[in-house]
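Take a look at the structure below.
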Amino acid sequence: MNPSPRASVTLLQADALLAMAPDLAPRIRIPLIATRGAAPTERQIEDRAMVLLSTVPVRGADGETLALLRGGVLLNQNLPLIDHINRIVYPNGSLPLGSHGTATLFMDDVRITTNVRLFQDRRAIGTRVSQAVRDAVLGRGDTWLDRAFVVNDWYVSAYEPLRDDAGNRIGMLYVGYLEQPFRLVKYTMLGVIVGIFLLVMVLAALFSLRWARSIFKPLELMNRTIARVEAGDAGARVGPVRARDEVGALASHLDQLLDVIDDKTRALQRWADELDAKVVERTRDLAASNAALQQTQRQLVKSEKLAAIGQIAASVAHEINNPIAVIQGNLDLMRESLGAHAAPVDAELRLLDQQVDR
1428 MNPSPRASVT LLQADALLAM APDLAPRIRI PLIATRGAAP TERQIEDRAM
1478 VLLSTVPVRG ADGETLALLR GGVLLNQNLP LIDHINRIVY PNGSLPLGSH
1528 GTATLFMDDV RITTNVRLFQ DRRAIGTRVS QAVRDAVLGR GDTWLDRAFV
1578 VNDWYVSAYE PLRDDAGNRI GMLYVGYLEQ PFRLVKYTML GVIVGIFLLV
1628 MVLAALFSLR WARSIFKPLE LMNRTIARVE AGDAGARVGP VRARDEVGAL
1678 ASHLDQLLDV IDDKTRALQR WADELDAKVV ERTRDLAASN AALQQTQRQL
1728 VKSEKLAAIG QIAASVAHEI NNPIAVIQGN LDLMRESLGA HAAPVDAELR
1778 LLDQQVDR
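Under the numbering used here, the first residue of the sequence shown carries the number 1428, and numbering increases by one thereafter.
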């Protein structure tokens, strides 16, 4: 049998490791630090050791395996290893300004070596992963590729389960980078997009207002013109407008219509004036004719009155003449009858003669 070299990660109890390397005791014991979002636990100390084992066969001259050489590297608080992993994953210039890459090795859900910092630049060794990541990676064996809350901030993260030779999930390897600069870039881009959108909206609003003004201004002028015409200003016109569309054509046609109406109104006024003059002239003629008619009527009435008076006078004269004739005859008869005896009343008889002769 010729085994090949292989490497694996395994968990060892502290006593077993200290029996081989007692000088590693300070690195094995890791006090647990209460961590926001982690799964509840009553443990206070992590005293197991995670070891990276490498097994290499030792072969003789004939190629036969003479022995197996096994060596291991303690991963608890192995800062050079985790810093080296971080440099490989995040070389200089790979992240935007303000962000930084981080890497962590977990034993179960406890950070045993990391470059994630707590306050005062202290490494977050002894802190624990969030319960959501623990359930996904250690519980179900999934690979986590999402944002995650790491100790005290949000990171864009990747978690991969670590398995021992038996396939048991004993820990995790994490790499991630601070999300805040990307959020800043995202919000900056969103701000730029919103700003561009608002600028476009403002420009569109200005264009719309200008376009609407080009439509409504001629309509407003036409409305004012119609109001002035209704108020009696026959010379009101829309005038030239900038619009060269249907609204501008409508304004021009309105002016033409008002010109036609004004011409027709003037013609009607002229005809009305001429008609008034003719009416006045005919009225004067009618008044003169009426006056002549009234004069003729008065003369006719006078003539009729005179004729009537003449008839009455003739009738009266006829009626009077009959008694006078009788009186005259009786006077003559009295003179003849009295003869000389009429001398005493001769004066009265002559007076009666005079009255009869009238």
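We put the beta carbon where it would ideally sit given N, CA and C, even for glycine.
(Q) For residue 1713 and residue 1722, what's the separation of their Cα atoms in angstroms? (A) 14 Å
Q) Measuring CB to CB, does residue 1571 end up less than 7 Å from residue 1556? A) no
Q.
Let me make sure I understand the geometry here. Which of 1579, 1569, 1605 and 1574 has the alpha-carbon closest to that of residue 1588?
A. 1569
Q. For the alpha helix (DSSP H) that residue 1642 lies in, which residues bound it at each end?
A. 1607-1657
Q: Using three-state DSSP, classify residue 1754 as helix, strand or coil.
A: helix
Q: Would you mind sorting residue 1634 into buried or exposed? The rule is 16 or more other CB atoms within 10 Å of its CB.
A: exposed
Q: Tell me residue 1464's beta-bridge partners as DSSP assigns them.
A: Answer is none; residue 1464 lacks a bridge partner.
(Q) Can you tell me whether residue 1701 is helix, strand or coil according to DSSP? (A) helix
Q: Return the residue from the list 1469, 1737, 1642 and 1685 that minimises the CA-CA distance to residue 1662.
A: 1685
Q) Among all the DSSP beta bridges, which residues are the ones paired with residue 1586? A) 1571 and 1601
Q.
Rounding to the nearest angstrom, what Cα-Cα distance links residue 1564 and residue 1623 in this structure?
A. 42 Å
Q.
For residue 1467 and residue 1461, I'd like the C-alpha separation in whole angstroms.
A. 9 Å
Q.
Considering only the alpha carbon of each residue, which of 1459, 1494 and 1484 lies closest to residue 1537?
A. 1459
Q) What does DSSP give as the partner residues of residue 1528 in its beta bridges? A) 1604
Q. How do the segment 1470-1481 and the segment 1494-1503 stand: do at least 3 beta-carbon pairs fall below 8 Å, yes or no?
A. yes
Q. Considering only the beta carbon of each residue, do residue 1542 and residue 1529 sit closer than 7 Å?
A. yes
Q) In terms of residues, what are the limits of the beta strand (DSSP E) holding residue 1539? A) 1537-1541
Q: Along the beta strand (DSSP E) that carries residue 1385, what are the first and last residues, could you check?
A: Here the chain comprises residues numbered 1428 to 1785, so residue 1385 is not present and cannot be evaluated.
Q. How many Å lie between residue 1439 and residue 1454 at the Cα?
A. 13 Å
Q) So the alpha helix (DSSP H) residue 1496 belongs to, where does it begin and stop? A) Premise fails: residue 1496 lies in the beta strand (DSSP E), 1492-1501, not in any alpha helix (DSSP H).
Q) Cα separation between residue 1444 and residue 1474? A) 11 Å
Q: Following the continuous beta strand (DSSP E) through residue 1434, name the residue where it begins and the one where it ends.
A: 1433-1439
**Q.** Straight-line gap, residue 1679 to residue 1667 (C-alpha atoms, nearest Å)
**A.** 8 Å
Q | beta strand (DSSP E) segment containing residue 1479, residue limits | A | 1476-1486
Q: Would you kindly work out how many angstroms separate the C-alpha atoms of residue 1586 and residue 1637, rounded to a whole number?
A: 58 Å
Q) Which two residues bound the contiguous alpha helix (DSSP H) that contains residue 1523? A) Careful: residue 1523 lies outside any alpha helix (DSSP H) and carries neither H nor E.
Q. Can you list, in chain order, the residues of its chain whose CB lies under 8 Å from that of residue 1592, leaving out five sequence neighbours each side?
A. 1435 and 1437
Q: Within 10 angstroms of the Cβ of residue 1578, are there 16 or more other Cβ atoms? Answer buried if so, exposed if not.
A: buried
Q: Compute the Euclidean distance between the alpha carbons of residue 1470 and residue 1457, then round it to the nearest angstrom.
A: 11 Å
Q) Hey, would you say residue 1727 sits closer than 7 Å to residue 1758, going by beta carbons? A) no
Q.
Taking the alpha helix (DSSP H) that residue 1513 belongs to, which residues open and close that run?
A. 1506-1516
**Q.** Option nearest residue 1447 by Cα separation, candidates 1463, 1464 and 1476
**A.** 1476
Q) So, is residue 1535 buried or exposed, given that buried needs 16 or more other C-beta atoms within 10 angstroms? A) buried
Q. Can you pull the DSSP bridge partners for residue 1473?
A. 1457
Q) Exposed or buried, residue 1708, counting other C-beta atoms within 10 Å across all chains shown (16 or more means buried)? A) exposed
Q) Looking at the structure shown, is residue 1578 part of a helix, part of a strand, or coil, going by DSSP? A) coil
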